[in-house]
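Presented below is the structure to which this report refers.
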Amino acid sequence: MEKPSKSGRNECLPSTGPLYTILPSADLALTGRYPPKAFKSIERLKETIKATFITLEEHDIDQYLSLGSVSEQNLQHLVKDRQELCYPVRFTYFPDIETLIVKLAIQRQNVARMAFRREITSQLRIMSLDIEERPGLWPSMHVGPTGSVKEADDSWSHPLVEPRNKDWPRIVIESAVAESIPRLRQGASWWINNSNGQVRIVILISVHKESKRIVFEKYFPKPSVSSNTGTQLGTAYIPDLISTTEVCYGDDPPDVRGPSVTLEFQRLVGRKPLLSEKDVILWPELLLGIAEDIFEYDGFPPLRLARYSAPHMLTSHLNSGGAHTPNARWP
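Quick note: the sequence shown, position 109, residue 636 per this note's numbering, numbers continuous.
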């Protein structure tokens, strides 16, 4: 259920639990910092995407495009016929302000998240989890309570473990180049805020081509009560930065600054660990291996198994309200 508030925010009442607040679309879309340009046509968008991709091959520039005056019909066409754009993209759409954000999914950021995903699934496999508890990560589309739409680079949910949480993933992985960090962080806000904290972990991966660095940021949901005394708002879930890990592959010798990237088992799987089950940990040597895949092979690493091999180190349609639709199509 949704109702407008005096503050301009949307207040939503989930099936159980207290009133919570969805942040304004303009804030989540960063329209003040990145004013949208008017959407003209798919052909014009295709030309802009091509030019941006060519530049991104050599330089770290913002890989997001903000478009205004995009109707829901326009979005339906873009999603249905996205192959016309000729390049891989991710969409985020805010119908109340008719704003579409197009993220260009370039090769080196894809390699970063795919290598990260490979290590997660490898460690869970070694723990002998049942197959239904370790489904694959995949790009997916979700709808927030107010109708905004976002595609994840990778998301992971466990509907058989937690049926009530089936609409939202437990973990989301997003990656981008260095110049897109503000957009990347705002994406974390969308996932945590719109899911009412049901997204338990957000991992952001930023790739710095020129300095050969990768930065991993880990966020948990954090409840934040508005201090506005003029209105009685509910809780807004916001991202809380838990750790930052910097992989400096360009240093001599290459180095990792900050803690290992740890994915807590209960947050990841949805239950307490049993027997040999433990947190998933990406140690420095694994993180340096991911950096090698990106910077030594120019984003095209050889096919290989996950590097994790030391057991001792194991210490279809859009629905409202956050529906998960891996291959979404509008009617």
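Virtual Cβ for every residue (Gly too), placed ideally from N, Cα, C.
Exercise. Roughly how many whole angstroms lie between the Cα atoms of Glu804 and Leu795?
Worked result: 12 Å
Exercise. What residues match up with Glu773 in a beta bridge as DSSP calls it?
Worked result: Val742, Arg784
Problem set entry | 8 Å contact criterion, which Ile728 and Phe743 should meet: CB distance rounded | Going by Cβ atoms, the distance from Ile728 to Phe743 rounds to 12 Å, so no, they are not a contact pair.
For this session: Could you check which residue in Asn720, Phe580, Gln634, Gln600 has the C-alpha nearest to that of Pro750?
Result: Asn720
Problem set entry | From Ala818, Arg644, Ser675, Ala705, residue whose alpha carbon lies closest to that of Thr619 | Ser675
Exercise. Using a Cβ-Cβ cut-off of 7 Å (strictly less than) and excluding sequence neighbours within five positions of Leu557, which residues of its own chain qualify?
Worked result: Pro709, Arg710, Gln713
Exercise. If you drop the 5 nearest sequence neighbours on each side, which residues of the same chain put their C-beta closer than 6 Å to that of His735?
Worked result: Ala705
Exercise. Relative to the C-alpha of Leu815, which residue among Asp680, Val774, Val606, Leu790 is closest?
Worked result: Val774
Exercise. Between Gln793 and Pro800, is the Cβ-Cβ spacing less than 8 Å?
Worked result: yes
Problem set entry | The alpha helix (DSSP H) enclosing Phe792, as first and last residue numbers | 792-796
Problem set entry | Spatial distance of Lys739 from Pro811 (CA atoms) | 15 Å
Exercise. His604: beta carbon under 7 Å from a heavy atom of the ligand MG?
Worked result: As presented, the structure is devoid of all ligands, the ligand MG included, so that no description of it is given.
Problem set entry | Separation of Val752 from Ser596, as counted between CA atoms | 33 Å
For this session: Can you give me the Cβ contacts of Ala639 inside the same chain, cut-off strictly under 7 Å, excluding the 5 residues immediately before and after it?
Result: Ser702, Ile732, Val734, Ile741, Ile817, Ile821
For this session: Just the C-alpha distance for Leu824 and Arg609, rounded to the nearest angstrom, thanks.
Result: Sequence check: residue 824 is Tyr here, not Leu. Those two C-alpha atoms are separated by around 29 Å.
Problem set entry | Within the segment 603-684, ranges of the alpha helix (DSSP H) (whole runs, at least 4 residues) | 634-653
Exercise. Between Trp718 and the rest of its own chain, which residues show a CB-CB distance below 6 Å, the 5 nearest in sequence each way excluded?
Worked result: Val699, Val726, Val729
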